[in-house]
Amino acid sequence: HLLAGSENVLQPRVNDITVAMRLLLSVNSVRIKKALLKTIVSLACRGNAEDGSDFVEFLVRHCCPSNIQSGPEWEELKAMCSSTVYLLSSTVAEVESLLWSVLLRLLLLPEYDPACATIARSLAHLASKHNSQDSVKNGTGVPSPPAVFARCIALLGSPLNNNRGPFLLNFLMHYATNLQPILSKIWTHKVPQLINYLEVSQWSESEWEALLLEFVSSSLQTVESEDFVILVASQLSAQLPSYPPAAVDERAMLLKCLALASCNLTDRQIISSHLDVMLTPLRHYTPNDSKACARAVGLLSRIHLNLVLTRLESLTHSELNRRSSRLLGLMKDPRADLEVERARITLLRCYAEVANQAPPSSLLPHLEDGLMTWLISQLSQAKESAAREAALFTIANIADTLDRHRDTYSENLKSRDQLLTTLLSLIQNSPTPDPLVLRVTAAIVKLPPELTPEVRSTLLKTCFDRVFAAEVSENSVEEKPPDSSPLIKNLGILVEELLIDDVSPATLDDISTLLEPWLVQRSIQQRAAAVYVLRITLQAYYNHMTFGYENPSKFSQAGMLLARSVLRCLDEEGLVRSTALDCAKLILLITAKYEGHSAGDPELEQAFASMSISDSNINEQLARIVASKLPHYQLYHFAETVLQGLSDLEPANVDSVSDILVHFFQVKGSELYHHINDILALLLVRLAALNPSSRVGAVRTVLYLARHHPKAVVNVLLDQPLPLHMSVCDCWKALAADSALAADITSQFLRLMNSTPLLNDDATVSNKDRPRVAALLPFAVVSALREMMLVASIHDLTMAHFPELFALHLTVLAAYVGVTPPVYSPGSNKSAFIPNREAYKINPARVAQESLKNFLLCARCDAAAEAVLECSQIDLSNSPDYFLAMMPSLTRAICENLGHMLPKILTALGQYSSSPHEAQRAAVTAFNVECVQMQCAGQSVLIDSVLSNLLSSLTDPSALVRRLSLKGLANISFLDSQQKERHSESVLEALIQGLDDYDAECHSEVALQAMMGLSQVLPSVEQAHVRDIQVAIALRVKPFFEKENVELRTTSLRLLGELAMTGGTALPGFQDQIKACLVCLLMHLSDMELSVVKACKFSLRAATNVLDAEKTRAMINQHLIDDAMLHYQEFITDLAKLMVEEMADQIPIMISTALTYGKSAWAPIRASSALFIGALYSSSPSHVREHVSLEAVTLRLLQQIKDPEKEVRSSAAHAFSLLFTSPS
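This is the structure in structure tokens:
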């Protein structure tokens, strides 16, 4: 209320009021403080606050946030105080001098740092008035302008703190006249730029530091007064201790500005003192202070390099070699060791900054004076990573400086090799290499001279092994680009520098070769990193490649490198795919340069720009780009390397690789003719390693190659080892699924099989003991056909070539019965023998049988296939019996289901009639045999040709073929009467000739078949014709009556009866033959084989019908019943009597014939001969006996009495007794 009163009332009380107010300044009540604030404002407005510096301090103090009091009311108080200070400075002229002096003083106090924005804002306004009206005067205790300048610069080290930067800069701009009038002009220009950077530009600490240091440097240089610089430097040095360790930026800016100030001084003592300020706390610097100190020393070295290097060298010896210990050196002092390491770190950082800031011409001569040796030693001696890092930074800066000023300082760094060795050791010995080590190595590599290829390869391999191995431990679910890893990024820099060091295809080849294993690693991170490094390498090569007479004119690595990149374009990881696409583009651009397109390839750039890794047809796009842009001589290298991608760890990648190859071969397959063998060899190896699901797509590549080069592909597939691997089987099936290729391959197979021997040459010789071996190539064809015929879509082709294919399969199956497999594999050298143990497991006959079965099923002739399956034991025997047993049902099925094709089938089979292989000729003959029986499926026109073929086969050297031919000729019995009549004469003639077949080994078989054929044909031939041949046949069958072979005896004996039965009234000549055979028939009635006995009974019944002996015929017909038991002794005794009665003239001949049977190999027949002789002789009258040699009879009987068989002796004794009895 007093302050609201009149001046007369207030003036006497002012002192009392201010005293009371001062007593309340320390009260912590917000309400009291707000009341004091209002009172202070009222006093100031009335001009009663000239000595109120403590009131101003009160206001400024409460502009700072309190650590004790907090809450909305305190925040409100803070805002009120801040606005009050500014309002007082801008509106109350009476307190301007007070505010000027107090605010300047508070500005320099560290405890008021939080309020410096408010202070600077108010001071700026006061300074602007001071400049225009000169109304503000410095009071007592006001700091000097250099002190204010130093303080502001320090605070500007952290301009974003409370957004104080713009206010401080604005204040400095208006304060320039107080500091140095000459600065006003330059600051008016520069300060707004700094303010604009803070308010508008994106913050960058390094950019701000550069701008501010440039501002300070230009200000010091503008004044051109060393005294002024000394004052500023002294203030900078003096204020440094007042900043706590937390004020990092402020302390750092003071040190850097102190260095800049020292750069403008010439007094070595002062400079040395300032250097002491920087380096004395060497052992106690925090990491941030250490960096700031190093930066300051680096700035100072711009001008005073020798002084700096001398001081650093001195400190190196004094600080790093000083050791502190306790208890007389028995215990180490960890704290002292830590301080030494801190000193080491700071000194190394100082050297790094010196190398970066000092004039190269002055610095470089000092490098070889022990500095590099010391730095190298620090890499191993440093106990902390920070010290090693500082040493590395120093070396990197030195290398960068040498590289930048290569023209100025042309001498090579002598210690480079030692340095590289040390760096390589650091990389090798670290589980995870330090990225900085790689960057430093890259910097060293840039220095001359060029690395030798050996050193380069060692360095690359070590870095790749360590860095990529370290990437495995950094697996992350998120996709992060490789260059986000400092380790990978620096590796890329190193590789780039190594390439630039020697831009040649050899260097590129070294890098790509060492990268290759990492491009296919299971780890996504490793693949991504390897592809990233490859892209860096290719980009560097593209940017720096040059052409000269010593350089290659072609990019020989293009195909291989491009293939590796394309494989990674198919990677499951998006980052890998996108980077790999860049690699592929760069390789093609490099290739284009080599091909003469120095300006690049806009079409190629556009093609890759329009390509996205998410495109569904990216495989096709890539393949077509490669096919159109890759030179011809690189196509094979590309294909060969892409094929290696079929062994990729990811099945999805295998499908994509297959897709790439399919589209590539579709376009460029025609140009790869000379490499087809190599491509397919590699492809088949890769296919064999794939699982069946992945193999499906990969097999398509074979199909597309075959469309360009069918013959070459087929030849390669036929050269594969047997048994065929499933992958090769899949290839054959894929080829069969293509109708055009299948037709071409089928024709090729038919030509090949017709021109190539089925068996090896040494298997056709006459030596029967040597096993027959299947020739490799035809057997491979059969194996291929077996697989192709499993494809249902080949049905139409099968039907179109059915006759030829059927004939081929049938004859091959016949030829392979009892044949061993070829136990070797094809080699590049025809004379080479490569053992194939797996081939021992194969049975050629079984393979041929399966191929025939598959062929018939494909032709939808299931009945014929079932007939083939019936021959299940064809691989268990060397005999053709199983095969021949299959022929009737097989031929029947063909005739019934495919009768319309029979003419062509017979024609196709006919070409094998002259085959060198007996089995094939036999197969053709066997088919003809059954065709005759089936009446050629009703096609009578074919019968003549079939029978003609059979007749011509009678001259075949093979007894088996001749026997089958006779069997077929006998089948005319199944023809109609007209056909029988037409062919009976020639067939009978052939059958009769068959009886005279003189093959020593197989005569009996052929003759047997001839006799069986005659027995089959005779009933259907006219009797007159039979009578004409009765005698001829009878004469020919007699030798077989006594054969040991039961079937021969049975058939020959029965055939005699067939002749008698089918000839009707017998001619005298045949009657004589019958009479001559009667004894034989009667003797064999006691044969041990029932079938022979039955045959004899049948023939005796038939034979007696042609004889004029009614009683004899009646008795024989009555007693010789097939299934009845015959009492031989009684029967022969009674029959002898009738024969003597009706055929007395034949008795001597019969006895003489019977005598020969006394030497028979069979005891029952010897016994029967004795009984028969005794019965005939005893029943014969005397005039008949006169013609019988009794001496011969008795001699034979006496011999038989001595026979070892009791039965014979008994019969001989009985017969002997009958010799001397009179006929009744």
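Going by full-length UniProt numbering, the first residue of the sequence shown is number 1, and it counts up by one from there. Positions of the beta carbon are idealized from the N, C-alpha and C atoms, including for glycine.
Alpha carbon of residue i to alpha carbon of residue j, nearest angstrom
i: Thr-422; j: Ser-523; result: 30 Å
i: Leu-687; j: Ala-743; result: 25 Å
i: Thr-441; j: Gln-428; result: 13 Å
i: His-1106; j: Leu-1014; result: First, the residue type needs correcting, since residue 1106 is Val and not His in the sequence shown. Cα-Cα distance, rounded: 19 Å.
i: Asn-264; j: Thr-546; result: 48 Å
i: Ala-147; j: Gln-235; result: 5 Å
i: Leu-460; j: Arg-695; result: 37 Å
i: Glu-389; j: Ser-66; result: 41 Å
i: Phe-58; j: Leu-103; result: 12 Å
i: Leu-741; j: Val-667; result: 18 Å
i: Leu-586; j: Val-445; result: 24 Å
i: Ile-307; j: Thr-39; result: Looking at the sequence shown, residue 307 is not Ile but Leu. Going by the C-alpha atoms only, they are around 59 Å apart.
i: residue 1226; j: Arg-456; result: As shown, the chain starts at 1 and ends at 1224. That puts residue 1226 outside it, with no answer to give.
i: Tyr-912; j: Val-924; result: 7 Å
i: Asp-267; j: Leu-498; result: 47 Å
i: Ala-1163; j: Ser-1217; result: 20 Å
i: Leu-1078; j: Asp-1072; result: 10 Å
i: Trp-187; j: Ala-35; result: 41 Å
i: Ser-26; j: Glu-199; result: 38 Å
i: Leu-99; j: Ala-93; result: 10 Å
i: Leu-1085; j: Asn-843; result: 48 Å
Where residue i sits in the DSSP three-state scheme
i: Leu-1107; result: coil
i: Leu-25; result: coil
i: Tyr-824; result: strand
i: Ala-246; result: coil
i: Leu-759; result: strand
i: Ala-774; result: strand
i: Tyr-285; result: coil
i: Trp-374; result: helix
i: Ala-1212; result: helix
i: Leu-1219; result: helix
i: Asp-1123; result: coil
i: Gly-899; result: helix
i: Ile-182; result: coil
Whole-Å CB distance - residue i paired with residue j, under 8 Å assumed
i: Ala-124; j: Asn-170; result: 4 Å
i: Leu-1171; j: Ser-1099; result: With 8 Å as the limit, Leu-1171 and Ser-1099 do not qualify as a contact, their Cβ atoms being about 20 Å apart.
i: Val-1031; j: Val-987; result: Not really, about 19 Å apart at Cβ, beyond 8 Å.
i: Phe-555; j: Ile-590; result: 6 Å
Neighbour-count burial assignment, residue i, 16 or more Cβ in a 10 Å radius
i: Phe-749; result: buried
i: Val-216; result: buried
i: Leu-705; result: buried
i: Tyr-840; result: exposed
i: Asp-1087; result: buried
i: residue 1228; result: In this structure the chain extends from 1 to 1224, so residue 1228 is not present and cannot be described.
i: Gly-492; result: buried
i: His-174; result: buried
i: Gln-933; result: buried
i: Leu-1198; result: exposed
Neighbour flag for residue i against chain E, beta carbons, 8 Å
i: Lys-1094; result: Among the chains in the structure shown there is no chain E, since it carries only a single protein chain.
If you pair each beta-carbon of the stretch 353-364 with each one of the stretch 300-312, do three or more pairs fall below 8 Å? yes
Does the count of Cβ pairs from the stretch 481-491 and the stretch 528-538 closer than 8 Å reach three? yes
For the pair the stretch 597-613 and the stretch 555-563, tell me if three or more CB-CB distances fall below 8 Å. Between the stretch 597-613 and the stretch 555-563 there are fewer than three C-beta pairs closer than 8 Å, too few to call the two in contact.
Tell me, please, whether the stretch 842-861 touches the stretch 800-810 by the rule of three or more beta-carbon pairs shorter than 8 Å. yes
Indicate whether the contact test is met: 3 or more Cβ pairs, each with one atom in the stretch 913-922 and one in the stretch 953-973, closer than 8 Å. yes
At least 3 beta-carbon pairs within less than 8 Å: the stretch 1131-1150 vs the stretch 1108-1115: At 8 Å Cβ cutoff, the stretches touch.
The stretch 390-398 touching the stretch 369-380, judged by at least three CB pairs closer than 8 Å: As far as the Cβ criterion goes, the stretch 390-398 touches the stretch 369-380, which means the pair count is three or higher.
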